[in-house]
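Since the structure comes first, as structure tokens, the remarks are kept for the end.
Residue numbers (the numbering used here), protein chains in the order written: chain G, 1 to 312; chain B, 1001 to 1388.
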């Protein structure tokens, strides 16, 4: 597959603080790459460096096969950016804001109008075109922010935590919009510390911490890193020592924990675990109120790799 | 692209109430307060011709000095035309004063007595005129008697005639002095006001430039990654702020000239040139502040307002004494104070008939602006940032 971005051995300091530590990765055409990591892990710095907004100490950054500089106008014309902070003019209404930013890329007025209307449709702001930013809710403002970044139909889009402090409806709308952009052919780099979003959206994930890549791959590949395969939770007041000892003796069980009438059984193998457990309780006449199975998440992966939670 | 950015920069500036207040409304409001505080600076417009009475008597007709002065002050073709005279007997004049047809009358016997019904500006003027005549008459009579006895030639008589003419001229000019050689110091306050308004244009350019700098705003970051040259963005944005600024100055000058009756002299072209270059200096000052201070636009605007107020203070906005003090003791400050250059430019247009001082101020403003512009461009050439 064609490489859209190539980063090699990128190093960036803020004073004495090492923000990017020998970072190397590639981004391929039409993929949605998730940059996952806690706050301060270097996600935004990576994006700003790729965009040539920031100086870096050493390394190489190529976009569309060329080293990007501040005067790489051909490359820049294919890029769209949605920053973490809303970047729109309070003095302009929704339509004018999109028109202004789109106009920096598209000169043809007719074509621009078509693109603006499509962007408004995509982010669901049709009823708010005459509204000013201060009249919009946080979620709608984020959608406007996105529309301003993608109206010119870029083939490479950077989304830097676009759903921070957004209501669930707007979040779903935004995620749906991103999927559509990708289906329309855009390559997307998506940074967030919400693992659910990355799981839903991204084909490939890079997990960052302290300016370094600590792991990368598809979500399935990443989850394989973790020893945990499945976790079964049982709510019951009738769990006895015999049952706990039995479960601990099984080869597929990693550990057993029982407290506050909740039993946690962690498995390291997929062996019809939930069905077998229900069968055992039936046989031993142990009643339970609820029983369910949890598959490992990216948070478990992150926990496994760094020893801390994503949102620490 | 230039026009696209110009159009939207103009729209953004005109819709920003804070910016419009500081650059357009504040100077007008301040000017109105100045005018209220200092009264009618050009009172010629408000002083009407009034009627005075004179009791028709032999003594009046024989009083040459009084006759000559009154004739001149009541001659509607004279530059000193101040009042009309009603010559009548005392009984009729009392009726006239009761019916407000005249503001007062004089009775000439051995001395001159003034009768007025009530106090007021016209009554005060009338009384002062008569008092002045009495005073001068007494003085000249004494001189005349002395000189006549000593020389008795035509030269002395001419001298007295000249002094009498001076008395007539002084009568009106003491009330209203509008000659170009007699500077009304309050004009300086208004010239500093225009200077302040010109420099407040910096607020507009600070706002515009901050919107284009990636390390100053997220909008700047978004614009920086667009395929447009930074110079195109900056020039079109600055042109938009200059347009708003010039419009504001034009409104201010029209308002102060036609509503507050401020005299900018007769050379309209030079007033326009000075306003244009003054506004340009304000614009470049904003660019300079934006490029060297790495803070948000609120901080930069605070710096700009403080700097402008200090410059205006040294130019005489809060009192003409400060301008004289700086002129006399620390003239070096004037060479780096753009507010003084603009104020002094207007002052020279109003007061001096020769253009040297005006052009000196214009050249000083241009040099000052070029220095700031060069520094700004050197700083802005850095297109990448260590942090944003």
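All C-beta atoms in this analysis are idealised placements derived from N, C-alpha and C, irrespective of residue type, glycine included.
Fair warning: this is a prediction, and the values are worked out from it, not measured in the lab.
Note down the Cα distance separating residue i from residue j, rounded to an integer number of angstroms.
i               : j               : result
residue 112(G)  : residue 97(G)   : 13 Å
residue 1175(B) : residue 1253(B) : With a pLDDT of only 48 at residue 1175(B), under the threshold of 50, the placement of this residue in the model should not be trusted, and no figure is reported.
residue 82(G)   : residue 88(G)   : 11 Å
residue 1023(B) : residue 1279(B) : 11 Å
residue 1115(B) : residue 1123(B) : 9 Å
residue 248(G)  : residue 256(G)  : 6 Å
residue 21(G)   : residue 10(G)   : 7 Å
residue 1178(B) : residue 1351(B) : The predicted position of residue 1178(B) is uncertain, since its pLDDT is 37 and thus under 50; a value taken from the coordinates is nonetheless stated next. Their Cα atoms are separated by approximately 11 Å.
residue 107(G)  : residue 1001(B) : 7 Å
residue 1264(B) : residue 105(G)  : 47 Å
residue 59(G)   : residue 192(G)  : 24 Å
residue 1302(B) : residue 1327(B) : 27 Å
residue 144(G)  : residue 183(G)  : 21 Å
residue 345(G)  : residue 1281(B) : What the structure shows of chain G is the stretch from 1 to 312, and residue 345(G) is not part of that stretch, so it cannot be assessed.
residue 1128(B) : residue 1275(B) : 42 Å
residue 1030(B) : residue 1186(B) : 14 Å
residue 1234(B) : residue 50(G)   : 24 Å
residue 1218(B) : residue 148(G)  : 12 Å
residue 1273(B) : residue 1356(B) : 15 Å
residue 1389(B) : residue 1370(B) : Any question about residue 1389(B) goes unanswered here, given that chain B covers just 1001 to 1388.
residue 1332(B) : residue 1368(B) : 13 Å
residue 67(G)   : residue 1362(B) : 48 Å
residue 260(G)  : residue 294(G)  : 19 Å
residue 52(G)   : residue 1294(B) : 19 Å
Can you name, in chain order, every residue of its own chain whose Cβ lies under 8 Å from the Cβ of residue i, other than the five neighbours on each side?
i               : result
residue 1010(B) : 1240, 1243 and 1244
residue 90(G)   : 132, 133 and 134
residue 1238(B) : 1205, 1208, 1209, 1283 and 1287
residue 160(G)  : 43, 44, 47, 81, 82, 83, 84 and 191
residue 313(G)  : No statement about residue 313(G) is possible, as the shown extent of chain G runs from 1 to 312 and does not include it.
So for residue i, helix, strand or coil by DSSP?
i               : result
residue 30(G)   : coil
residue 1015(B) : coil
residue 1217(B) : coil
residue 292(G)  : strand
residue 255(G)  : strand
residue 93(G)   : coil
residue 19(G)   : strand
residue 198(G)  : helix
residue 1082(B) : coil
residue 266(G)  : strand
residue 171(G)  : helix
residue 1(G)    : coil
residue 1181(B) : Below a pLDDT of 50, predicted positions are generally treated as unreliable, and residue 1181(B), at 43, falls in that range; the measurement from the model is reported next regardless. Correct three-state label for residue 1181(B): coil.
residue 185(G)  : coil
residue 1045(B) : Low confidence applies to residue 1045(B): its pLDDT is 46, below 50, so where it sits in the model is not reliable enough to give any reading.
residue 1175(B) : Because the pLDDT at residue 1175(B) is just 48, under 50, the model does not fix this residue reliably, and the point stays unresolved.
residue 1098(B) : helix
In chain order, what residues of the same chain have a beta carbon less than 7 Å from the beta carbon of residue i, not counting five sequence neighbours either side?
i               : result
residue 1248(B) : 1023, 1024 and 1197
residue 197(G)  : 163 and 175
residue 1019(B) : 1013, 1203, 1204 and 1207
residue 199(G)  : 219 and 298
residue 1006(B) : 1236, 1239 and 1240
residue 1366(B) : 1277
What does a CB cutoff of less than 6 Å around residue i pick up in its chain, not counting 5 residues either side in sequence?
i               : result
residue 1113(B) : 1107
residue 1224(B) : 1214
residue 30(G)   : 187
residue 238(G)  : 286 and 287
residue 14(G)   : none
Output, in chain order, the set of chain C residues within a Cβ distance shorter than 8 Å of residue i.
i             : result
residue 85(G) : Of the protein chains in the structure, G and B, none is chain C.
| With contact counted as at least three CB pairs below 8 Å, one residue from each stretch, are the region 38-51 of chain G and the region 114-121 of chain G in contact? | With a cut-off of 8 Å, the region 114-121 of chain G and the region 38-51 of chain G do not count as touching, because too few Cβ pairs lie within range.
| task | Inspect the CB distances between the region 1218-1229 of chain B and the region 1300-1310 of chain B and report whether three or more fall short of 8 Å. | result | No: fewer than three Cβ pairs fall under 8 Å.
| query | Counting Cβ pairs closer than 8 Å, one from the region 268-284 of chain G and one from the region 1200-1212 of chain B, do we hit at least three? | reply | Touching, no.
| query | Using 8 Å as the threshold, is the region 1283-1296 of chain B in touch with the region 1057-1065 of chain B, meaning 3 or more CB pairs across them? | reply | Touching, no, given that fewer than three Cβ pairs across the two stretches are closer than 8 Å.
| message | Along the region 1214-1234 of chain B, where does the CB come closer than 9 Å to a CB of chain G? Name the residues. | response | Answer in chain order: 1214, 1215, 1217, 1218, 1219, 1220, 1221, 1222, 1223, 1224, 1225, 1226, 1227, 1228, 1229, 1230 and 1233.
| In the region 1098-1126 of chain B, which residues sit with their C-beta less than 8 Å from some C-beta in chain G, listed in chain order? | Residues passing the 8 Å Cβ filter: none.
| message | Residues of the region 1014-1042 of chain B in Cβ contact with chain G at a cutoff of 7 Å, in chain order, please. | response | 1015 and 1016: these are the residues of the region 1014-1042 of chain B whose beta carbon lies less than 7 Å from some beta carbon of chain G, given in chain order.
| query | Using a beta-carbon distance cut-off of less than 8 Å, what residues from the region 28-56 of chain G approach chain B? | reply | Under the 8 Å Cβ criterion, the region 28-56 of chain G contributes 48, 51, 52, 53, 54 and 55.
| request: For the region 29-36 of chain G and the region 198-213 of chain G, state whether three or more C-beta atom pairs, one from each stretch, are separated by less than 8 Å. | output: Flag = yes, the region 29-36 of chain G and the region 198-213 of chain G touch.
| query | Along the region 139-156 of chain G, what residues have a CB closer than 8 Å to any CB found in chain B? | reply | Near chain B, meaning a CB-to-CB distance below 8 Å, the residues of the region 139-156 of chain G are 148 and 149.
| At a Cβ cut of 8 Å, what residues of the region 159-184 of chain G count as close to chain B, listed as they run along the chain? | Closer than 8 Å at the C-beta level to chain B, one finds no residue of the region 159-184 of chain G.
| field | Meets three-Cβ-pair contact criterion under 8 Å: the region 258-275 of chain G and the region 231-250 of chain G | value | Contact between the region 258-275 of chain G and the region 231-250 of chain G is established, with three or more Cβ pairs separated by less than 8 Å.
| Cβ contact (3+ pairs, closer than 8 Å) linking the region 1079-1099 of chain B and the region 1049-1063 of chain B | Touching, yes.
| Taking any Cβ of chain G, which residues in the region 1002-1014 of chain B have a Cβ under 7 Å from it, in chain order? | Going along the region 1002-1014 of chain B in chain order, one finds 1004, 1008, 1011 and 1012 with a Cβ nearer than 7 Å to chain G.
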